[in-house]
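Following the working numbering, the numbering of the sequence shown begins with 489 at its first residue and continues without gaps. All residues carry an ideal CB built from backbone N, CA and C; glycine is no exception. Here the structure is a predicted model, which means the values were calculated and not measured.
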Amino acid sequence: MSISRKDYLQQIIKLHERLIIASEEYEGISEEFILKQNPDISSMKEQWLVKVKDFKQILADMDNLEIPNAFEKEGNELKYVYENYVSCVEEKTRKFSIETMANGELEAIQASEVQAAEYIEDLIEALFDK
């Protein structure tokens, strides 16, 4: 028996709440290091990489979630956008440096991350409107 639309939506909400919490914790790591006089960038990146594992687990859970037939198009698109979002976070973490901040590379990655996050919100809203 396939998953019901209601159960699917409840699971999506749980996954999205986990994503929001992980994003806030990731951002909190940045804020913590910004407050330091001489921030240790490599230590910050190590802590970020731990959070990236959380993002990847959320993505794995999303990939394992059965999609009801009624939500097949939106559900598959949501998986794709989650994957894109997690890739952006991981790439930003790996490439973070003074140089990538100065040359605009980090800003471009962050713009893609924000765009993916906004699209995730739109897709979830579309699922509930359906």
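Continuous alpha helix (DSSP H) stretch holding residue i: start and end
i	result
isoleucine 508	493-522
asparagine 552	529-552
asparagine 557	Taken as a continuous stretch (DSSP letters only), asparagine 557 belongs to no alpha helix (DSSP H), as it is neither H nor E.
glutamine 598	593-617
Local Cβ density within 10 Å of residue i, reported as buried at 16 or more and exposed below that
i	result
isoleucine 500	buried
glycine 516	exposed
alanine 596	exposed
glycine 452	With the chain running from 489 to 618 in the structure shown, residue 452 is simply not present.
Pick from the options that is closest to residue i, judged by C-alpha positions
i	options	result
leucine 594	Lys583, Asn526, Gln525 and Trp536	Lys583
Alpha carbon of residue i to alpha carbon of residue j, nearest angstrom
i	j	result
leucine 537	alanine 558	36 Å
leucine 547	tyrosine 570	7 Å
glutamate 579	alanine 605	15 Å
glutamate 601	serine 492	30 Å
proline 556	lysine 541	27 Å
glutamate 587	isoleucine 522	17 Å
proline 527	lysine 533	11 Å
Heavy atom of the ligand NAD within 6 Å of residue i beta-carbon
i	result
glutamine 499	Questions concerning the ligand NAD fall outside what the structure shown contains, since it holds no ligand whatsoever.
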